[in-house]
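Structure below.
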């Protein structure tokens with residue numbers, strides 16, 4: 524066939540000859556806003572004195588004073604500045620949430636990686652333990668662990684971390700199994716690589732992104748669960764400015780002092796929604 528008889532459909536298009544460029548990720552406004560909210564919460568946790576004008580336990584004015592320029596979130600029943608207590612409470616709630624996520628991430632990922640890498644009876648035994656953890660409701664399991672360990676922020680964080688072990692284990696196991704069946708991992712085994720070396724160099728780096736996204740999601744869930752335990756009285760004791768305890772202290776004044784429960788609750792909701800949005804963005808970036 525001569526060049527003159529080539530049809531238009533058979534001729535190569537100009538666009539096909541151009542090299543394809545990878546799209547740059549676009550930062551959406553919601554992602555930027557969520558990042559700013561989390562940065563503000565982390566700054567509160569690290570250096571609360573820069574943002575709070577008063578101490579978390581000192582009385583600074585009349586009791587049950589409505590929000591104003593002097594007291595942004597008003598005052599509570601003993602005259603303490605609610606905004607200062609919320610700021611100082613970030614160090615308790617966020618630190619406890621980080622401890623909970625660390626417990627779930629380390630223990631759960633270790634179980635999942637070992638199960639997916641070794642297989643056989645070891646995998647069956649580990650995953651049956653994971654199934655038992657999944658069969659117990661998270662709040663019931665965390666309450667049981669807190670009752671066994673005792674009340675307090677640290678014990679509440681450990682309890683919440685135990686409830687997330689099964690989720691991390693299942694995700695990491697599925698990712699390890701998926702990556703291990705890939706061609707480059709099979710080639711590494713064929714070239715004489717050992718399991719620990721291949722696990723460290725190939726499997727773990729290519730399985731980390733979904734686990735990181737889950738950790739971001741679990742951070743918000745841990746904040747919510749720790750606040751729930753504090754609200755029920757299983758967390759930090761008064762007068763600790765823990766977020767769940769702050770909301771619990773204002774429930775008797777909902778009709779007369781709405782700011783005691785509403786404004787700390789808005790802060791908790793904003794931080795949790797921000798972590799969920801960032802987790803969703805990390806997951807989409809990894810899939811693309």
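Residue numbers (the working numbering): 524 to 811. For every residue, glycine included, the Cβ atom is placed at its ideal position computed from N, Cα and C.
The stretch 689 to 701 makes no contact with the stretch 757 to 777: fewer than 3 CB pairs, one atom from each, lie closer than 8 Å.
In this structure, residue 804 sits away from residue 624, with a CB-CB distance that is not shorter than 9 Å.
In the structure shown, the three-state DSSP call for residue 604 is strand. Considering only 666, 614, 779, 720, the residue with the shortest C-alpha distance to residue 568 is 614. In the same chain as residue 574, and ignoring 5 residues on each side of it, the C-beta atoms closer than 8 Å to its own belong to 566, 567, 610, in chain order. Between residue 765 and residue 756, the CB-CB gap reaches or exceeds 9 Å. Membership of residue 676 in the alpha helix (DSSP H) is indicated by the continuous run 676 to 686. Contact between the stretch 659 to 677 and the stretch 743 to 755 is present: 3 or more CB-CB pairs across the two stretches fall below 8 Å. Counting only runs that start and end inside the stretch 745 to 784, there is no beta strand (DSSP E) element of at least 3 residues. Shown here for residue 687: same chain residues with a beta carbon closer than 6 Å to its own, the five before and five after excluded, namely 627, 741 in chain order. Residue 752 and residue 796 have their C-alpha atoms some 19 Å from each other. In this structure, the beta-carbon distance from residue 669 to residue 682 falls below 9 Å.
For the pair residue 576 and residue 800, the CB atoms are not nearer than the 9 Å cut-off.
If you draw a straight line from the Cα of residue 586 to the Cα of residue 592, it is about 16 Å long. Around residue 782, the same chain offers 589, 590, 596, 597, 605 as residues with beta carbons nearer than 7 Å, after the five sequence neighbours per side are excluded. Between residue 694 and residue 728, the gap from beta carbon to beta carbon reaches 9 Å or more. Counting the other Cβ atoms within 10 Å of the Cβ of residue 743 gives 16 or more, which makes it buried. Spatial neighbours of residue 767 in its own chain (CB-CB distance under 7 Å, excluding positions within 5 residues in sequence) are listed in chain order as 749, 750, 751, 752, 753, 754, 758. DSSP lists no bridge partner for residue 557.
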